[in-house]
Structure formats: C-alpha cells, structure tokens
C-alpha cells in the first residue's frame with residue numbers, strides 16, 4: 015500500500031529555513047557589497063599596517079630552598095603563579111629593565127616599554143613566557159631579554175630582602191638573651207648554685223636555636239628562577255599576512271552582507287515567497303513564467319518550437335480549462351496589480367492562443383482604453399475583419415470596428431477586439447456592445463479573455479468584474495507588495511468576483527525597464543505631435559458646418575459620451591453612414 019505524500023506545513027522548520035535563505039539571496043547586491051567591504055578592509059589592514067616582530071623568552075620560577083635535592087622538596091612551595099605574572103608586568107620590573115636598556119643605548123619610558131610586553135603562563139606549569147612586540151627584530155629581542163632578567167632580578171632582591179629582615183628579627187631576639195647569659199656567667203664565678211646554672215643552660219639553648227635559624231636563613235639558595243629560553247631575533251614579522259586578512263575580511267564581509275540582507279528583508283514590503291503570495295491573495299499559483307531571451311520583443315510565445323515559455327502558458331490554460339469556476343462561465347479577466355501592464359498583455363495573448371490551440375472559439379478583448387497596444391504589438395499577425403455579433407447601430411465606434419483576426423502559426427487563430435483611447439473609459443466599458451461581447455462566453459466552446467489595466471491604478475477592471483467574474487493576476491513577486499495583494503483580494507471580492515489564481519513573471523531588468531520607459535515617452539510625444547498637427551489642419555481637429563461630428567459622435571442625443579474615440583481618424587457624415595473601407599483603414603491604423 016502506498017503512503018500518501020505529506021505536504022509541507024507552514025511551520026515546517028527545514029522549509030522555512032530554505033525559504034529564508036532563498037529570500038536572503040534575493041538581495042545579491044547587499045551580499046556583494048558586504049563581501050567587497052570586508053575584502054577592502056582586510057587588504058587595508060594588511061597593506062597599511064607596519065611590520066611588527068615578536069620575540070619570546072621563557073622563565074622558570076622557583077622558590078628559595080635550603081636543600082633542593084632533599085626528598086619531598088617542592089619547587090612550587092610558596093609560589094602563587096598568578097601573583098608572579100602580575101609582578102612581571104609591574105612598573106618595578108619596567109624600571110629595572112629601562113635602566114638596563116639605557117646602558118645599551120635604548121632609551122624608552124616605562125609606560126611605553128610595558129605596552130609591547132605580554133606575559134603568559136602555560137597551564138599547570140611554573141613557567142612565565144615573556145613576549146615582546148617591536149618594530150625591529152633586534153629591539154624585540156633586547157627588550158624581551160631585559161624584561162625577563164629584570165623580573166628575575168626583582169624577585170631575587172625581594173627574596174634577599176625577606177631573608178635580611180628575618181635575620182634582623184632573630185638578631186633582635188638574640189641580643190637580650192646574650193646579655194642575660196653574660197650577667198648569669200658573672201654571678202656564677204663566685205658562687206655555686208643550681209638555679210643559676212639551670213637558668214644559664216636554658217639561655218644557652220635558646221641562643222643556640224636562634225643562631226641556628228640565622229644560619230639556615232643565610233644558607234638558603236635564593237635563586238629566583240632560570241631563563242630557560244633566551245629571546246632571539248625573529249626572522250619574519252608577526253601577525254596575519256595578506257592572504258589570511260583577505261580571507262578573514264571576506265568572511266566578515268559575508269556576515270555583514272547577510273545582516274544587511276536580513277534587515278532589508280524585515281523591512282521589505284514586497285512578497286517574500288510564493289507561499290506568502292498565495293496566502294495574501296487567497297488564490298492558487300497557476301504558474302511561474304521562465305525568462306527567455308528569444309521572447310524579448312515578441313508578444314506571442316506560442317507558435318515557436320521548443321519554447322519553455324509557451325509550454326508554461328499551455329499548462330496554465332489547461333489548468334484554467336479544468337477549473338470548475340472557469341468552466342462554468344468560460345470568461346476570465348487578466349490584469350496586473352499596478353504599474354506596467356505589458357506582462358499581463360503577453361499573458362492574455364498567449365492564453366488566448368493556447369485556448370485556440372485546444373479548439374476553442376476564443377475572443378480576446380483589450381479593455382485597456384487608456385494605453386492600447388495589442389494591435390500594434392501583434393503587427394502582421396492581426397488581420398482586419400468585421401465581427402458577426404456587431405449590430406448596425408454599433409457600427410460607428412468601438413468596439414464594433416476594432417475586430418481583427420490573429421493567426422497563431424501552427425496553433426489556430428483567435429479574435430482580437432483591439433482597444434482604442436476613449437474620453438470616458440468607465441462608460442465605454444459598461445456599454446451595451448461590451449456586454450454583448452462578453453456574453454459570447456456563454457456559447458458552447460467559446461472563451462472570452464479580457465485584458466484590463468492594472469487594478470490598483472484604474473477602476474476599469476472593477477467595472478468589468480460584474481460581467482467577467484474570474485480574475486487572473488499577473489505580477490512580478492519582487493515588485494508586488496503584500497498590502498497590494500490583500501487590497502486586490504478585497505476589491506475583487508467586494509465587486510462580486512473571485513481570483514482564479516496568480517501568474518508570476520520574471521519581470522524586466524533595469525536596462526530593459528529604462529528602454530521601455532523611454533519608448534513610452536517617445537510614443538506619447540509622437541501622439542501629442544500628431545494631435546497638434548491635426549488641430550492645425552482644421553483649427554480644432556473637427557470639420558466645420560452642419561455635418562460636424564465630435565470624435566465619432568453625431569447629433570443623435572441618445573449616443574453615449576463613453577463611445578467617443580480620441581485617436582480615431584474616421585469622421586462620420588451627417589447621416590452616420592460608414593463604409594467597410596473606413597473600418598479597414600481604422601484597423602490598419604491600429
């Protein structure tokens with residue numbers, strides 16, 4: 015029996031760690047900056063610092079003893095190695111060392127001398143290691159040796175001073191005893207008595223003991239220790255070299271970059287992961303579009319052989335086709351959160367081509383009446399024609415005269431209702447002709463795809479949700495914010511629609527975004543220039559006389575303002591009649 019595959023939980027620690035690591039790698043610029051700063055710091059420390067040399071000498075510390083070869087004698091008797099280490103770095107040792115160095119021509123102050131000294135004690139030993147760092151090898155050796163010898167000298171002096179003090183004390187005790195002994199000796203010359211003799215004998219014993227102690231103190235070996243290892247002049251400078259400092263700088267820089275990336279991640283309002291995107295939007299992830307260099311500048315990916323982008327669009331179309339919410343009405347609205355709508359347009363066109371490849375009767379409606387571009391971007395693939403659903407009363411304006419057939423090589427064809435710039439966009443989108451177009455999705459085998467402007471930039475998409483309930487959001491996960499997704503979910507839900515899913519695209523690079531912005535500004539200037547040219551030709555861009563129309567609007571007061579076009583070059587006559595040639599020329603200009 016096969017075991018069911020367990021889905022990763024939201025709090026699965028390995029999955030969360032992997033997600034966090036991937037999120038940190040999104041900020042490669044910060045990581046690279048941190049590594050560069052670390053390498054520069056390591057190189058600066060290696061190249062700017064002066065070479066220093068360190069010389070080390072070892073001193074074995076011992077206590078004063080009368081018989082160092084006696085059985086049971088302990089070398090550490092009365093030695094506190096911690097106190098000895100503090101003595102070795104004291105000013106007393108430094109003063110003695112300065113006096114010794116002056117004799118050899120090295121004049122230095124006590125404080126400056128002790129700054130280069132380091133005294134350590136290996137564990138479980140009575141050894142002190144004198145390490146001195148200086149700018150020259152000989153100076154390091156001479157000062158290390160002078161400090162070690164000064165320590166031994168100070169310790170010898172202190173031991174001898176302690177012995178002299180004890181001897182003086184014993185002598186102070188011995189003097190009255192000797193005087194008393196002499197007085198008893200004078201009394202004993204003339205008389206014979208047991209008391210005097212006994213007292214005199216006791217004094218002699220006490221004097222003998224004190225004399226013996228004095229003799230023992232005088233016989234002590236006061237050697238303070240031995241210089242086991244004499245300092246020698248080092249051959250190479252101490253400290254980390256350039257390779258080591260660069261390695262340490264790189265590690266520290268990487269840690270700094272990770273810290274900066276983590277701080278940036280904490281305060282980044284963008285979506286951190288696909289899991290967070292799905293949770294914020296309340297809809298599944300339909301797919302992630304790969305980046306293809308061959309697709310640059312081309313709107314249709316389906317029809318090119320071996321295209322991973324086309325296969326991803328086909329997979330999304332199949333997933334939508336078997337979605338119960340979509341299969342019920344077969345109408346979908348494609349939009350973006352905000353900003354550039356180019357990727358949403360590409361998704362709408364390729365989804366239409368994918369449904370046409372399945373044998374569906376596809377109708378693609380460009381509801382972007384502010385910056386329409388599908389007819390221009392499709393180019394030669396779009397061929398003009400008249401829709402079968404157009405009524406006679408609708409033949410004067412959009413959308414009746416904007417039908418084109420788009421041929422997808424090897425996949426079929428679909429119908430495109432190209433957008434056109436309007437004065438009153440919301441009224442145009444809610445007009446009766448647009449309702450009849452959207453109702454085409456109710457026919458068996460028909461699919462209607464509506465391309466709307468960014469939902470957070472304009473209310474055009476919201477105006478169509480009551481007719482096209484299913485919404486597909488196309489976004490770049492690196493640019494969309496969590497608050498934007500939550501707001502989109504609330505807006506679409508309040509308008510009576512539902513989000514079928516989200517489609518992720520890799521976005522554009524900085525250079526490509528800059529080039530696209532320049533191209534958009536250039537097109538805007540061209541449109542403005544052409545509009546001014548038309549105004550100069552007729553004064554206000556409109557013919558004079560009784561047959562004068564206003565952007566395709568005749569004198570009929572029942573005609574809505576929302577169907578007035580801004581960029582239509584067609585001028586209707588007073589009876590409102592237009593021939594097929596007018597429609598063909600309009601489609602050609604689009």
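In our numbering, the protein residues as written are 15 to 604. Just so it is clear, CB atoms sit at the ideal spot from N, CA and C, and this is done for glycine as well. All figures in this text were calculated on a predicted structure; none of them were measured in a lab.
Can we count residue i as close to the ligand ZN, meaning its CB is less than 6 angstroms from some heavy atom?
i, result
"residue 473", "As for the ligand ZN, it is missing from this structure, which has no ligand bound."
For residue i, which of the options has the nearest alpha-carbon?
i, options, result
"residue 112", "93, 96, 299, 157", "157"
"residue 342", "417, 453, 289, 269", "453"
"residue 219", "295, 230, 192, 241", "192"
"residue 95", "286, 31, 169, 321", "169"
"residue 360", "348, 473, 280, 352", "348"
"residue 389", "350, 429, 351, 375", "429"
"residue 373", "363, 346, 426", "426"
"residue 231", "201, 199, 185", "185"
"residue 459", "516, 417, 472, 375", "375"
"residue 501", "296, 248, 304, 336", "296"
"residue 290", "66, 491, 126, 93", "491"
"residue 322", "520, 288, 516, 303", "303"
"residue 482", "66, 448, 357, 119", "448"
"residue 478", "435, 383, 489, 416", "383"
"residue 416", "438, 424, 387", "387"
"residue 233", "46, 251, 244, 178", "178"
"residue 505", "476, 496, 337", "476"
"residue 238", "140, 153, 495, 61", "140"
"residue 471", "437, 385, 434, 463", "385"
"residue 332", "125, 371, 377", "371"
"residue 346", "251, 126, 214, 480", "480"
Would you list the residues sitting across from residue i in a DSSP beta bridge?
i, result
"residue 72", "143, 243"
"residue 437", "Answer by DSSP bridge pairing: none, since residue 437 is not bridged."
"residue 427", "421"
"residue 221", "Paired residues: none, contrary to the question."
"residue 378", "430, 463"
"residue 43", "Answer is none; residue 43 lacks a bridge partner."
"residue 301", "517"
"residue 347", "464, 485"
"residue 79", "235"
"residue 148", "67"
"residue 50", "Its beta-bridge partners do not exist; DSSP assigns none."
"residue 181", "Answer is none; residue 181 lacks a bridge partner."
"residue 134", "143"
One question on the structure: do residue i and residue j come within less than 7 angstroms of each other, judged by their Cβ atoms?
i, j, result
"residue 142", "residue 73", "yes"
"residue 109", "residue 173", "no"
"residue 344", "residue 486", "no"
"residue 195", "residue 217", "yes"
"residue 241", "residue 162", "yes"
"residue 129", "residue 68", "no"
"residue 420", "residue 392", "yes"
"residue 474", "residue 351", "no"
"residue 267", "residue 51", "yes"
"residue 380", "residue 432", "yes"
"residue 49", "residue 264", "yes"
"residue 274", "residue 518", "no"
"residue 188", "residue 160", "no"
"residue 107", "residue 165", "yes"
"residue 145", "residue 70", "yes"
"residue 135", "residue 99", "yes"
"residue 456", "residue 340", "no"
"residue 300", "residue 515", "yes"
For the beta strand (DSSP E) containing residue i, list its first residue and its last residue.
i, result
"residue 342", "Not the beta strand (DSSP E): residue 342 falls in the alpha helix (DSSP H), residues 338–343."
"residue 649", "Beyond the ends of the chain as shown, which are 15 and 604, falls residue 649; an answer cannot be given."
"residue 420", "417–422"
Grab the span of the alpha helix (DSSP H) containing residue i for me, first residue to last.
i, result
"residue 109", "105–117"
"residue 512", "First-last for residue 512: 512–518, but that is the beta strand (DSSP E), not the alpha helix (DSSP H)."
"residue 331", "322–335"
"residue 65", "Residue 65 -> no alpha helix (DSSP H), and no H or E assigned at all."
"residue 127", "124–129"
"residue 361", "356–371"
"residue 288", "288–295"
"residue 101", "95–102"
"residue 507", "496–508"
"residue 448", "446–452"
"residue 476", "474–478"
"residue 388", "388–392"
Any beta-carbon of chain B closer than 7 angstroms to the one on residue i?
i, result
"residue 67", "Here chain B cannot be found, since the structure has a single protein chain."
Per the contact definition of three or more C-beta pairs closer than 8 angstroms, is the segment 311–324 in contact with the segment 358–370? Yes, since at least three Cβ pairs between the segment 358–370 and the segment 311–324 fall closer than 8 angstroms, the two stretches touch.
Can at least three beta-carbon pairs, one atom from the segment 50–61 and one from the segment 256–272, be found at a separation below 8 angstroms? Touching, yes, given that three or more Cβ pairs across the two stretches are closer than 8 angstroms.
Quick check: the segment 267–283 against the segment 30–38, are there 3 or more CB pairs under 8 angstroms? Yes, since at least three Cβ pairs between the segment 267–283 and the segment 30–38 fall closer than 8 angstroms, the two stretches touch.
Spell out a yes or no on whether the segment 321–329 and the segment 437–451 are touching, meaning 3 or more CB-CB pairs, one atom from each, closer than 8 angstroms. Contact between the segment 321–329 and the segment 437–451 is absent, with fewer than three C-beta pairs closer than 8 angstroms.
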